[in-house]
Structures are given as C-alpha cells and as structure tokens.
Amino acid sequence: MSWETVIGLETHVQLSTKTKLFSRASTAFGASPNTNVNLIDCGLPGVLPSVNKEAFYKAIRFGMAIDAQINQVSIFDRKNYFYADLPKGYQITQMDLPIVLGGSINIVSGETTKTINITRAHLEEDAGKSIHDEYDGYSAIDLNRAGTPLLEIVSEPEISSAKEAVAYMKAMHQLVTYLDVSDGNMAQGSLRCDANVSIRKKGDKDLGTRTEIKNINSFKFIEKAINFEIKRQIKILEKGETVTQETRLYDSSKDETRSMRSKEFANDYRYFPEPDLLPVVISDEEIKRIKDEFPELPSEKEMRYQQDFKISAYDAQIIASSKSMADFFEAAAEQTGNYNLLANWLIGEISAYLNKELIEINESKLSIANVAILINRIDDQTISGKIGKAIFEEMCISGISPDEIIESQGLKQISDDGAIEEIINSVINDNPAQVEAYRGGKDKLFGFFVGQVMKLTQGKANPKTVNAILNEKLK
Amino acid sequence: MNIQFKSIIELREMLDNKSISITELTQESFLLAKKYDELNCFVTMNEEVGQKKADAADSNNKNSSMLFGIPLAQKDLFCTENLRTTCSSKILSNFIPPYTATAVKKLEDAGSITIGKTNMDEFAMGSSNETSFFGNVHNPWKKGYVPGGSSGGSAAAVAAGIVPAATGTDTGGSIRQPAAHCGITGLKPTYGRVSRWGMIAFASSLDQAGPLARTAEDCAILLNSMSGYDSKDTTSLNSDVPDFLANINQPIDGLKIGIIKEFNLSDLDSEVQARFEESKKTYEKLGAKFIEVSLPNISASVPTYYSIAPAECSSNLSRFDGVRFGHRAKNTTDLNDLYIKSRSEGFGDEVKRRILIGTYALSAGYYDAYYKKAQQVRRLIKNDFDQVFQSVDVLMTPTSPNTAFEFGSKGTQNPVELYLEDLFTISSNLAGLPAISIPHGQVNSLPVGLQLIGNFLKEDQLLNTAHLFQKNSDFHLAQPSLEDFS
Chain U
1 MSWETVIGLE THVQLSTKTK LFSRASTAFG ASPNTNVNLI DCGLPGVLPS
51 VNKEAFYKAI RFGMAIDAQI NQVSIFDRKN YFYADLPKGY QITQMDLPIV
101 LGGSINIVSG ETTKTINITR AHLEEDAGKS IHDEYDGYSA IDLNRAGTPL
151 LEIVSEPEIS SAKEAVAYMK AMHQLVTYLD VSDGNMAQGS LRCDANVSIR
201 KKGDKDLGTR TEIKNINSFK FIEKAINFEI KRQIKILEKG ETVTQETRLY
251 DSSKDETRSM RSKEFANDYR YFPEPDLLPV VISDEEIKRI KDEFPELPSE
301 KEMRYQQDFK ISAYDAQIIA SSKSMADFFE AAAEQTGNYN LLANWLIGEI
351 SAYLNKELIE INESKLSIAN VAILINRIDD QTISGKIGKA IFEEMCISGI
401 SPDEIIESQG LKQISDDGAI EEIINSVIND NPAQVEAYRG GKDKLFGFFV
451 GQVMKLTQGK ANPKTVNAIL NEKLK
Chain W
1 MNIQFKSIIE LREMLDNKSI SITELTQESF LLAKKYDELN CFVTMNEEVG
51 QKKADAADSN NKNSSMLFGI PLAQKDLFCT ENLRTTCSSK ILSNFIPPYT
101 ATAVKKLEDA GSITIGKTNM DEFAMGSSNE TSFFGNVHNP WKKGYVPGGS
151 SGGSAAAVAA GIVPAATGTD TGGSIRQPAA HCGITGLKPT YGRVSRWGMI
201 AFASSLDQAG PLARTAEDCA ILLNSMSGYD SKDTTSLNSD VPDFLANINQ
251 PIDGLKIGII KEFNLSDLDS EVQARFEESK KTYEKLGAKF IEVSLPNISA
301 SVPTYYSIAP AECSSNLSRF DGVRFGHRAK NTTDLNDLYI KSRSEGFGDE
351 VKRRILIGTY ALSAGYYDAY YKKAQQVRRL IKNDFDQVFQ SVDVLMTPTS
401 PNTAFEFGSK GTQNPVELYL EDLFTISSNL AGLPAISIPH GQVNSLPVGL
451 QLIGNFLKED QLLNTAHLFQ KNSDFHLAQP SLEDFS
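In order, the protein sequences belong to chains U and W.
full-length UniProt numbering applies: residue 1 is where the first sequence begins, and numbers increase by one.
full-length UniProt numbering applies: residue 1 is where the second sequence begins, and numbers increase by one.
Structure, rendered in structure tokens:
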C-alpha cells in the first residue's frame, strides 16, 4: 500500500514588542520569576486589558509580506479553560475576525520550491509557566510570559513531509526575523509549532484522521517528531486499525510522540467575543505608514549587495538569507574595504563555526569591529590568511580583538624581503639534496621549501614574498 | 450637630459656613453606621483611614470640590487599595486589593471620604441582597424586608441617612431597583460613561457604575466626578462630560415623555399604577407631553439578559480559582481538586447557578441558539430604542413591578420569579442607555420608584427631568423612622 502524508502547521511566533499585548509590563526574557508582571497580567479582580497596537503593526507587516488580506477591523475573543498558569481562566485570542487572512509562503526543500498557502494569522496572549519540579509538594507559577503577544500562523494542510515542514519553519524563521516581527529565538520559545499530521492512501481525496503534536521548538525535533508520527500512523493503518484523533507530545529524550489527551476529553473552549475590548480598527494612515516603513526583504538585499558591494550572486544570496548575517555584513562592511574577503569569511569560516555551535552570529562572541579588524589585517598583509584562521579560533573563544592577539602572540607577518631572504638562504644551505633534486626537475619539492620557511617563521612569512624569492633562488 | 438624612448640598453648606468640621461630620457618619449596625449595610468599615483623611482635610482645606469632606460609602465591588473588597462573597472574603477603582479614586480625589464598603448581592447577582455571604440587608423602611439589590447596602445606607450618597453598580437594575425599594434616587449612566477599571466584573458588556443619593442634584454631583474616559478601560467613552449640576434646573416645558405600550401596567398592583398616573400628572403640570410608543422587542429583554449576563459572568468569574488570591480550599489532592473545592466552597448558590447557565449558553452546540441569538435580539432591542428616541426625549416606567418584599418570600422555590423583578430595568442595560429611579410615593408604607430612561449620553436631560419632579414634590424627602433598628 502506498501512503501519503498530509501536514498542517500552526506556528506560534512571539512578537518582539517591548510590552505585553494587553498590559504595559515588559516582555524581556530571563527576568526573575513574576517580576515582569502587573495587575493585568496576574488577572486581579477588576482589571481590564488594553491593546498594544505595536503587536498589530507587526502582525500586519507579516500579513503584507505573505500577500494576505489585512482585516482593518478585527476583534478579540475569549477562549475559556482552567489552568494554573492561565491567570484569568481564559485566553484572549482572535477567533472569528483575525487580523491576517490568507496569503502564502514559498519554501525550498531540496531542489524544489513549493508554495504553502496560509489560512490565517491571529493575535493572542501567551500563558505563564508552571514549574513542577522545583518545590517539594508544590507547583510554582511564573507569570512573566503571561500576556506576551503571539502571532499564531495557521497553514493549509499542504505540507507533504517532515522535510517540507522543516523547510516551512525555516522560511517562517527567515521571514519573521527579517520583518523584525520576532527575534525568532527557538530555544527561548519565540518560534514554535504544533503539527497536525495525518496519513491517507495515495490518491484519496478525503483527509485521514489527524493527530496534533504540540509545542515543537527546534528544526531537528520537528523533523524527528513528524517522522515518528508518520511511521506510527502508517503502522496502525497497515494493521487495519484506525488512528485516534488526539493531541500528542514529542519526547526528544526517547524520540517518540505520546498521547496527551484524546478528543473525548478535549476542552470545550466556549469562545465568545471579548466584551472588555472594542473591535480594533486600523486606519488607512496606519496601513500606509506600515507600508512606507516596510523593511528590505532578502531578495532585495541580494540585488543591492551585488550592486553596492560587488560581491558574487552566490555570496549575496547566502548572506542575505539570514537577517542577522546580513546585518552583520552591512555593519562590518562600513569598517573594511575588502567586501569580497569579508563575504568569503562570513560564508566560510564564520558560518562553519556558527553551524557547528548552532548559534546565530549575534549570539556569538564575534563582534562587528573585531571581524572587520581581522579582515583588514589580512587585507593589508599584516597577517596571512592561515594565521587569520588561528586568530579567528581564538576570537571565537575569547572575544578578544585580533590586534591584541597579533600583538601578544607576535603573529605579525614577516614581509621584509631581507629577513625572508636570509631564512631562505639557510633553508637552501641546510637541504642540498632537495635543492639538487628540484633543479633536476622535481617541481613538487617547491612546497617542501615553502614549508621549511614557514616552519622557521612560525607561519608568519608573507607567502607571496616567500614564493617570489624562492623562485629566484632555486633557478 | 445632626447630619442624618442631610443631602450633599446641605452638608456642603454646613461645612462651608463652619457649623461642622469635616472631622465631626465623618465621626457622625461612623456613629450612625454603628447605631444602625443591625441594618447590615456595611461589610467593612474604613474608620481609621477615613477619619485620618478627614482630620487632614480640616487642616488643609483648599479643595473647592462640592465633595470635599463629604462622607461616602462604596459598594463592595469596587477595588479599594488596602481596604478589603469582598463582592460579598466567601471566595473574596480575605481579598485586599493593591489598587483603587477609577470611579472611587475620582470621588476620593475630589476630597470625599470613604467610610466603608457596602453589602451587596454576591458578585452583584441578585435583586434582593439575599445572596450576600455577609447576610441580608434590612430595608430601612421595614425590618425583615429586602432593600432590593444588588446595591442593597448602598441604598440602605443612604436611605437610613448614614451617608448622603454611595456608589453602586447596575448590570440589570442593581442601582435603580434598590433605590426604588429604599425610597432614594439612583442613576445608571450610559454604558462607558464611568470607567469600569477596578469594578469587579459581573457581565462586562452590561456593568456600569453610578451614584445612589437622596436627590437628583446629589447624583449629578457624584456623576460629575465619576465620569470620563479612562485609558485603562478602553470601553469607556471618550466624550465630553457636561456639568450635570449646572444644567439640572432647565424648564421641561414641551418635553416629550414616552410610555412603553408593551409594558402592560394594568397587570401591576393598583396602588403602584395609581402612583404612576399621579406622576404623569405632575409632569403634565410642568409642561411635558406623553406619547405612547412601541418597542416591539422589549418583551424579550429578560430572557436575552439571562443568556448574556450569565455567559459573561461564567467567564469573568473563572479567575476566582484559589490559585493567586481569594479563598483556597484545604487538603486538596491535585489542581483540579483545588479548583473544584475552592470554587464549590467559595461561591454561593446563585453565583453557581449563573455560572452553570452561562457555561451552558456558551458551550459547543448551544452557543448559536443562546448566546449568539441573545446578542442578535439585543441589537434589535437597541434598534427599537434608537427608533423611539427619534420621537421622544425620555421614557417613563415604574422602576419595579412591586415594592420591597419580605426576606425569603421570593425566588426561593423558583429563581425566575426573582428575575422578573428586573423587567423594567434590564432593557436599558441591554441598550447601554442611561436611566434613573426617583421615589414617587409609597404603597403600604414602602417606597415606590419611578424610572426615566434617557437617550445615549443624555444623563443631563434625565437629571434635569428628575430634579424638576423633586422640586415639585416631596417624596424624596421622606425619612424612615428606623425605630426598629436602634
């Protein structure tokens, strides 16, 4: 039997507003528990929400970028359920009239590009956090996150594999960071998704029974969780049994999904329009302002980099694909003249390092100034590229300026012809047999002589000078 | 110096001509509260802080506000910083808010002195004040009789002359009906006229704060301070606030008063009818004209209200879960058990009943038939009013179908019987319109109220219409003997 996978994703994007969706408390991550909390956030009797328009502007920017319909009048609804970290006993969200309707997003999976349609994107407040393992016999509640604005983006069920799901989330990450809608930090939960997965016989029109995997917060886990779920469902179907509609959780330590609650025990959320808030009206002037202030998108950046910095299309595309990388490139370019060398380093050594550490450039110890200095020192031949790599490794660990490293470790390149000639003379004198062989036609030995010179200078000799003098001497 | 039964305007004069100090006035008010303790008007007194504020006011008397130094009582549904706020519920019986409601804050900023928090129906759910966790409030006119509700403690405190005025809230008649039963004046403003910030919500789309006082003039004085846009309540109205007192004495010659055809007054007690006919004559003498009008959908008000209000209440009261504040049950096994026990112990029967009704009305499969349908009918009722106010200035009805009744005599077997108490008052909440109740005589020695409903933001016209009635009658001056209470 041939099976087909159907996936729809609900992505939760934490918007990078300074304050919460309905209160003026800070949204800063990592504060002590219950310090970014005011009367509204803890749901005291008598308090009322008031809307943070900034969240709407960000949501609209997202909507414009995916070519969606923007509802200039949108309303909030209450989703009622009890949980200890949900202070009011209901979440304020958008049900019937979301801010963003429709639109689409392009994903690149392997060689193919695919368009995934977006059903809707709506604003809602996040809940707090329950901590179950810190106090013996008690659960603790941290409401710092309660009320943080989220944009929930619902895709159509048009994703056909775990790989496509990852591609979709990567595209989403690029978009929301580019638009400055979110910091996109998945480890801190700024970007996470629920995956609705179902299986059907190839060619069937009707969708199979779906399960929903909740709260997946890394590209790796998205792939693993969905693949596990696909296999699990196919196994059930091949036995002739039926899949139960339910919510499941992915356990990364065991690499499996397990049942959280089935549909029979699902909440009836009793949605109804939030009576404490009037419909939110976005004026034409506001729409115009958002359009005017629209940030540059990756494709536009690519073009500009090729024109302004004369870097290759390939380099421009890679640098522009990441907002943090592009920002870094542009800032560093102001402090160095060799854009090509900077681009090479960014997509070479620096990207390799970031990929290995799984961090973004702004989360590393690499400062714009230090990378620019490194490029300048290679460019002005103070150091060789090879020494540059050693310095770079040091910079990644310590964050120290390349000039300091060069100074303290005496790594300055020797470009003085006289000094290099002296060393070359001694190499030629010490290795008469090799000189003989080289002159007899063994060209490959040239590298040996270079190596010897470099060894004696601890790699600091200017390779160009070494080559030139060696060539002359070995004639 | 006797201050009992004095109006704000009278007390203002006494303070201004120094026949009494603010300290003395406040002391007197506290003494009266103690003297009539048996009425059970108050849940919590504010004696220490209130008296201190009074003493300070005497030594720094620079405020020109009408309310400067005037003792007031606040319904125990307004959050008051560092002063216990219970909503007359066990679940909040230990709750001390860290902030003050905007309406109260504005009154206090004007120099008034909060002497205490008044008893009420639990979470404002009731029409007799019998659902309070802190016991029944007696009607000052007759011991063992209800003061009406839900603002029963505020109405009784004013009627007994302990304070000249008090705050109340009105979701379906909770200011006007107790005002009527206690023989005082009570105004429910236009929805959004007064900020709801700090008012513990019952039904968010219907709740509105307003004054209870001895006269329309005193209501105007309170409303002047309470009104206005509040950025903390985005449903509050960003409209100009006129000086309600300045315009209160305009002639009403030619005023068009509508009588609602669908309210069949011939069903009412003949004495209540007679009072209503008398009052029409009073207004006719003042030059008003009566026009019969039709509001075809108004008869659906009670069922509409009892779908919407419980639905909103079921959600609004979810936050009382024993987790962050209020009553928490002991010896619970898990989170669900904590919820179930804390809420079962903390809420009274009427509150539970309305949470159940509201949960049902919002649940999947019933939402369209109940909540959504009710909202549609609500829109029709509002449209009816809009239509009618094209041809009349105010509408006139009895406030309540009958006078105050004996404790336990209504609604104990069938709660709906009590819900019908709100027949005349509910529609103005559904439509968001201002309405006032003024005393217009007595039946069997118990006060009867007359209701005037105004157009959107026309509190000034309502107060004007009410004041001219009071200028030409003395029903509002009647005082209960209170001999059974002291």
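Think of the CB as a built atom: it goes at the ideal place given N, C-alpha and C, for glycine as much as any other residue.
Task: Bridge partners - residue 482/U, DSSP secondary structure assignment - done: No answer is possible for residue 482/U: it lies beyond the span of chain U, which begins at 1 and ends at 475.
TODO: Just mark glutamine 91/U as buried or exposed, buried being the case when its beta carbon has 16 or more other beta carbons within 10 Å.
DONE: Of the other Cβ atoms in all chains shown, 16 or more fall within 10 Å of the Cβ of glutamine 91/U; this residue is therefore buried.
Task: Short CB-CB distance (under 7 Å) between methionine 120/W and chain U - done: By this cut-off, methionine 120/W is not an interface position.
Open item on the list: Buried or exposed for aspartate 276/U, going by 16 or more other Cβ atoms inside 10 Å?
Closed with: With 16 or more Cβ atoms within 10 Å of its Cβ, aspartate 276/U is classed as buried.
Open item on the list: I need the DSSP call for phenylalanine 82/U, collapsed to helix, strand or coil.
Closed with: Residue state, collapsed to three classes: coil.
Task: chain W residues whose Cβ lies nearer than 8 Å to that of valine 51/U - done: Result: Thr234.
TODO: Compare the beta carbon distance of asparagine 34/U and alanine 25/U with 7 Å and say whether it is the shorter of the two.
DONE: Judged by beta-carbon spacing, alanine 25/U lies beyond the 7 Å limit of asparagine 34/U, meaning their Cβ atoms are not closer than that value.
Task: For leucine 286/W, three-class secondary structure by DSSP - done: Secondary structure of leucine 286/W (DSSP, three-state): coil.
- [ ] Pull up the DSSP beta-bridge partners for aspartate 334/W, would you.
- [x] Answer is none; aspartate 334/W lacks a bridge partner.
TODO: Rounded to whole angstroms, what's the CA-CA distance from aspartate 55/W to threonine 167/W? Just pull it up for me.
DONE: Near 23 Å, if we compare the C-alpha coordinates of threonine 167/W and aspartate 55/W.
Open item on the list: Using only CA atoms, which one of Leu191/U, Ile131/U, Ala461/U and Val281/U lies nearest to tyrosine 57/U?
Closed with: The option with the nearest alpha carbon to tyrosine 57/U is Val281/U.
Open item on the list: So that I know if they touch, is there some Cβ in chain U lying closer than 7 Å to that of arginine 379/W?
Closed with: Taking Cβ atoms only, chain U never reaches closer than 7 Å to arginine 379/W, which makes this a no.
TODO: Report yes or no: do three or more beta-carbon pairs, one from the region 307-325 of chain W and one from the region 388-408 of chain W, lie closer than 8 Å?
DONE: At 8 Å Cβ cutoff, the stretches do not touch.
Open item on the list: Just list the residues that DSSP pairs serine 50/U with in beta bridges.
Closed with: None, per the DSSP bridge assignment.
Task: 7 Å Cβ cutoff met for lysine 289/W and lysine 256/W - done: Lysine 256/W is positioned such that its CB atom lies closer than 7 Å to that of lysine 289/W.
Task: Sequence ranges, alpha helix (DSSP H) only - wholly within the region 367-447 of chain U, length at least 4 - done: Uninterrupted alpha helix (DSSP H) stretches at least 4 residues long and entirely within the region 367-447 of chain U occur at 368-379, 385-398, 402-409, 417-430 and 432-439, given in chain order.
Open item on the list: What ranges does the alpha helix (DSSP H) occupy inside the region 315-388 of chain W, keeping only unbroken runs of at least 4 residues that lie completely in it?
Closed with: Restricted to the region 315-388 of chain W, the alpha helix (DSSP H) segments that are unbroken, complete and at least 4 residues in length are 335-346, 349-362 and 373-388, listed in chain order.
Task: residue 492/W in three-state terms, based on DSSP - done: Within the shown structure, residues of chain W are numbered from 1 to 486, placing residue 492/W beyond reach of any answer.
Task: Nearest candidate by alpha-carbon position, reference alanine 433/U, set Ile66/U, Ile423/U, Phe449/U and Glu421/U - done: Looking from the CA of alanine 433/U, the closest CA among Ile66/U, Ile423/U, Phe449/U and Glu421/U belongs to Phe449/U.
- [ ] Could you tell me whether the region 121-128 of chain W touches the region 195-208 of chain W, using the rule of 3 or more Cβ pairs below 8 Å?
- [x] These segments touch.
Open item on the list: Under 9 Å, CB to CB, which of the residues in the region 265-288 of chain U have a partner in chain W?
Closed with: Along the region 265-288 of chain U, going in chain order, the ones with a CB nearer than 9 Å to a CB of chain W are Asp268, Tyr269, Arg270, Tyr271, Phe272, Pro273, Glu274, Pro275, Asp276, Leu277 and Leu278.
Open item on the list: For a test of the three-state rule: what should DSSP assign to aspartate 142/U, helix, strand or coil?
Closed with: Reduced to three states, the DSSP call for aspartate 142/U is strand.
- [ ] Note down the Cα distance separating lysine 310/U from leucine 15/U, rounded to an integer number of angstroms.
- [x] The alpha-carbon atoms of lysine 310/U and leucine 15/U are separated by roughly 35 Å.
Task: Contact between the region 380-396 of chain W and the region 409-422 of chain W (3+ Cβ pairs under 8 Å) - done: These segments do not touch.
Task: Length of the line joining the Cα atoms of serine 293/W and leucine 97/U - done: One detail in the question is off: residue 293/W reads as valine in this sequence, not serine. The straight-line gap from Cα to Cα measures roughly 37 Å.
Task: Where the region 85-100 of chain U meets chain W: residues whose CB sits under 7 Å from a CB there - done: Against chain W - using a Cβ distance shorter than 7 Å - the residues of the region 85-100 of chain U are Pro87, Lys88, Gly89 and Tyr90.
Open item on the list: Any beta carbon from chain U within less than 7 Å of alanine 431/W's own beta carbon?
Closed with: Not one chain U Cβ lies under 7 Å of alanine 431/W.
TODO: Compile a chain-ordered list of the residues in the region 289-313 of chain W whose CB is closer than 8 Å to at least one CB of chain U.
DONE: Closer than 8 Å at the C-beta level to chain U, one finds these residues of the region 289-313 of chain W: Ala311 and Glu312.
- [ ] Rank Tyr36/W, Asn40/W, Asp207/W and Asp230/W by C-alpha distance to the C-alpha of residue 515/W and give the top, closest one.
- [x] Not covered by the structure: residue 515/W. The range shown for chain W is 1 to 486.
- [ ] Would you kindly work out how many angstroms separate the C-alpha atoms of glycine 203/U and proline 87/U, rounded to a whole number?
- [x] Their Cα atoms are separated by approximately 47 Å.
- [ ] Could you list which residues in chain W have their beta carbon closer than 9 Å to that of phenylalanine 82/U, in chain order?
- [x] Under the 9 Å cutoff, chain W gives Ser318, Asp321, Leu335, Asn336 and Tyr339.
- [ ] For chain W, find out if any of its Cβ atoms is closer than 7 Å to the Cβ of leucine 123/U; answer yes or no.
- [x] By this cut-off, leucine 123/U is not an interface position.
- [ ] Would you mind reading off the limits of the beta strand (DSSP E) that contains cysteine 41/W?
- [x] Judged by DSSP secondary structure, cysteine 41/W falls outside any beta strand (DSSP E); it is assigned neither H nor E.
TODO: Under 6 Å Cβ to Cβ from glutamine 72/U, same chain only, skipping five residues before and after it: list those, please.
DONE: Excluding positions up to five away in sequence, the list reads Ile282.
Open item on the list: In whole angstroms, give me the CA-to-CA distance for arginine 439/U and threonine 457/U.
Closed with: Between the C-alpha atoms of arginine 439/U and threonine 457/U there is a straight-line separation of about 24 Å.
Open item on the list: Considering just the uninterrupted stretch of the beta strand (DSSP E) at tryptophan 345/U, what are its terminal residues?
Closed with: No beta strand (DSSP E) contains tryptophan 345/U, which is instead part of the alpha helix (DSSP H) from 339-345.
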